[in-house]
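**Student:** The structure is given below, and queries will be raised subsequently.
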């Protein structure tokens with residue numbers, strides 16, 4: 056089964072729907088020791104874990120879309136970006152992002168997330184986005200604050216940030 060995810064284009068990026076062929080990249084990015092401690096499941100991701108999630112959860116979920124972003128100029132993969140909501144009636148969507156280490160600090164994440172938030176507002180008719188971030192992930196906290204998100208509540212070590220669209 057293949058999930059059809061719309062291609063998105065920004066000034067410098069092309070965001071293509073995630074496929075099984077992206078497994079190697081996603082596992083490498085997600086297993087980075089500077090990254091995985093900030094996830095809900097704080098351990099290096101295995102290929103099997105990713106493929107199990109992809110095949111048995113992701114492809115059936117019509118309320119979640121993920122993209123691998125590549126640069127337009129060199130077709131270099133720079134990150135993984137996603138959006139999900141509880142159900143079709145939900146007016147709030149959660150963003151997610153994971154950058155390749157060499158792509159950090161170049162503005163790619165902001166460019167991709169802003170594009171995704173526009174899509175969420177127009178196509179899903181959502182009125183807000185949230186990001187759930189580990190309190191110790193200072194770079195991610197600063198990133199969402201620059202995008203206009205504000206802290207709304209806390210659950211354990213995770214803080215929920217929200218932005219109206």
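Numbering (this note's numbering), first residue to last: 56 to 220.
From the three backbone atoms N, C-alpha and C, an ideal C-beta is built for every residue, glycine too.
(1) Counting C-beta neighbours from all protein chains within 10 Å, is the total for residue 212 16 or more, i.e. buried, or is it exposed?
(2) From residue 156 to residue 84, what distance separates their C-alpha atoms?
(3) My output table needs one value for residue 133: the three-state DSSP class, helix, strand or coil.
(4) Taking C-alpha atoms, which residue in 203, 127 and 118 lies nearest to residue 65?
(5) Sort out for me which residues DSSP pairs residue 104 with in a bridge.
(6) Along the chain, where does the beta strand (DSSP E) containing residue 184 start, and where does it finish?
(7) Consider the Cβ of residue 126: report whether some Cβ of chain C lies at a distance smaller than 8 Å.
(8) In the segment 127 to 171, which residue ranges form an unbroken alpha helix (DSSP H) of at least 4 residues, counting only runs that do not cross its ends?
**Tutor:** Well, looking at it:
(1) exposed
(2) 8 Å
(3) strand
(4) 127
(5) Paired residues: none, contrary to the question.
(6) 183 to 189
(7) Looking at the structure shown, chain C is missing, and only one protein chain is on hand.
(8) none
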